[in-house]
Amino acid sequence: MAEVLRSLRLGEGGDPAQACARALGAAGVALSLLVGDDRTAEPLWCHPELSARFEELQFTLGEGPGPEAVRTGLPVLEPDLERVRPERWPVLLPAARDLGVAGVCGFPLGIGAIRVGVLTVLCDGDRRVSEQQYADATALTSALTVTFLNGTGNGNSNSSGNGGNGNGGGYDGGYDGGYTDGTAGPETVPDWPSGLNRPVVHQATGMISVQLGVSIQEALLRLRAHAYGSERPLGEVAEDVVARRLRFKDGLDGDMDDRSGPYSPGGGKG
Numbered sequence: 005m006a007e008v009l010r011s012l013r014l015g016e017g018g019d020p021a022q023a024c025a026r027a028l029g030a031a032g033v034a035l036s037l038l039v040g041d042d043r044t045a046e047p048l049w050c051h052p053e054l055s056a057r058f059e060e061l062q063f064t065l066g067e068g069p070g071p072e073a074v075r076t077g078l079p080v081l082e083p084d085l086e087r088v089r090p091e092r093w094p095v096l097l098p099a100a101r102d103l104g105v106a107g108v109c110g111f112p113l114g115i116g117a118i119r120v121g122v123l124t125v126l127c128d129g130d131r132r133v134s135e136q137q138y139a140d141a142t143a144l145t146s147a148l149t150v151t152f153l154n155g156t157g158n159g160n161s162n163s164s165g166n167g168g169n170g171n172g173g174g175y176d177g178g179y180d181g182g183y184t185d186g187t188a189g190p191e192t193v194p195d196w197p198s199g200l201n202r203p204v205v206h207q208a209t210g211m212i213s214v215q216l217g218v219s220i221q222e223a224l225l226r227l228r229a230h231a232y233g234s235e236r237p238l239g240e241v242a243e244d245v246v247a248r249r250l251r252f253k254d255g256l257d258g259d260m261d262d263r264s265g266p267y268s269p270g271g272g273k274g
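For what it's worth, our numbering labels the leading residue of the sequence shown as 5, then goes sequentially.
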C-alpha cells in the first residue's frame with residue numbers, strides 16, 4: 005500500500021484500480037465520485053469487471069455498503085454477506101449472491117461534512133477484514149479524498165472497460181491541506197489513464213430526460229435500472245440511446261425490443 009500511496013502523491017501513471025486491489029488483497033475495488041447538485045454516484049474506476057457490475061448494482065438499487073457509507077460518512081464493513089440480515093438489503097443480497105460476491109466493504113471519501121465519493125472493496129474468500137486491510141483502506145481513502153478535494157483527480161481509470169466522470173466530482177480546489185494523516189498532499193496531478201470518460205452516459209441521460217419529461221437525476225436512475233434489468237453494461241445501453249436504437253417511453257423501462265434481461269418485467273426476478 006505504501007507504493008500505491010506514493011504513486012498517488014507523485015501522480016505516477018499506471019492502473020490505480022488494479023494496484024489498489026492488489027495492495028488491499030481484495031477480490032476487487034471500485035471508486036465512485038459524487039457529482040452534480042444531487043450528489044449522484046458516478047463510477048470512476050474499478051477492477052475487475054465484477055466490481056463494475058456490483059458498483060452499478062448497489063447504486064441503482066440504493067442498497068449496500070457503498071450507499072450506506074455515503075449516507076452516514078462512516079465505513080460499512082460486511083465481509084460476509086451471508087451474515088447480513090435479509091431485510092437490510094432485500095434486493096441487493098440475492099443479486100450479489102447471483103454475481104458471486106461474497107463480502108463487501110464501503111469506505112467513504114470525505115472530510116467532516118464534505119462528501120467526495122466512496123471506495124467499494126470486494127472481499128476475498130476469507131470473508132474477513134484484517135486490521136492491516138482496514139488501515140490500508142482508510143489510508144487509501146484519505147489519499148483519494150485529498151486528491152479530489154484539491155481538484156487534481158481530473159483523469160480516470162477503469163480496468164474493466166467502464167469509465168466514469170473525470171471532473172473530480174465538481175471540486176476544483178478549495179482545500180489546501182495534505183493527507184488526513186498529516187503528510188503532504190499530491191505533488192502533481194495523478195496521471196490516470198485516459199479514454200474512459202463517459203460523456204455518452206451523460207448525453208444519454210439528457211436524451212432520456214427529454215423523452216420522459218423527467219429530471220436528469222430521474223433519467224440517470226431509469227438508465228441504470230434498464231442496464232441492470234437487461235444485464236448489460238451502463239455504457240453500452242447509453243450508446244444505444246444516443247444512437248437511437250433504444251428509446252425510453254413513459255411508464256416503461258425502455259424500448260419493447262430490449263426487455264429480455266432476467267430482471268426485466270416478466271423475467272422472473274425483481
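Note that the Cβ used here is the ideal one computed from N, Cα and C, for glycine as well.
- For R119, the uninterrupted beta strand (DSSP E) run begins and ends at 118-126, by DSSP.
- For S134, there is no enclosing alpha helix (DSSP H), as DSSP marks it with neither H nor E.
- Apart from sequence neighbours up to five positions away, the residues of its chain that approach D140 with a beta-carbon distance below 6 Å are M5, L28, ordered along the chain.
- For E240, the enclosing alpha helix (DSSP H) has its first and last residue at 238-246.
- Contact annotation: V204 and V246 have beta-carbon atoms nearer than 7 Å.
- Setting aside the 5 residues that flank it on each side, L65 is surrounded in the same chain by V95, L96, each with a C-beta closer than 7 Å to its C-beta; the list follows chain order.
- When Cβ pairs closer than 8 Å are counted between the two stretches, the region 33-51 is seen not to touch the region 87-106, the count staying below three.
- Cβ atoms of V120 and G110 stay farther apart than 8 Å, at about 14 Å.
- Its Cα nearest to that of I115, the residue L78 stands out among I212, L78, G129.
- The Cβ atoms of G107 and D84 lie closer than 7 Å to each other.
- Straight through space, the alpha carbons of G129 and G32 are spaced by roughly 12 Å.
- Scanning Q136, A34, R248 for the CA closest to the CA of Q207 turns up R248.
- When secondary structure is reduced to three states using DSSP, V88 falls in the coil class, being assigned neither helix nor strand.
- L61 is positioned such that its CB atom lies no closer than 7 Å to that of A30.
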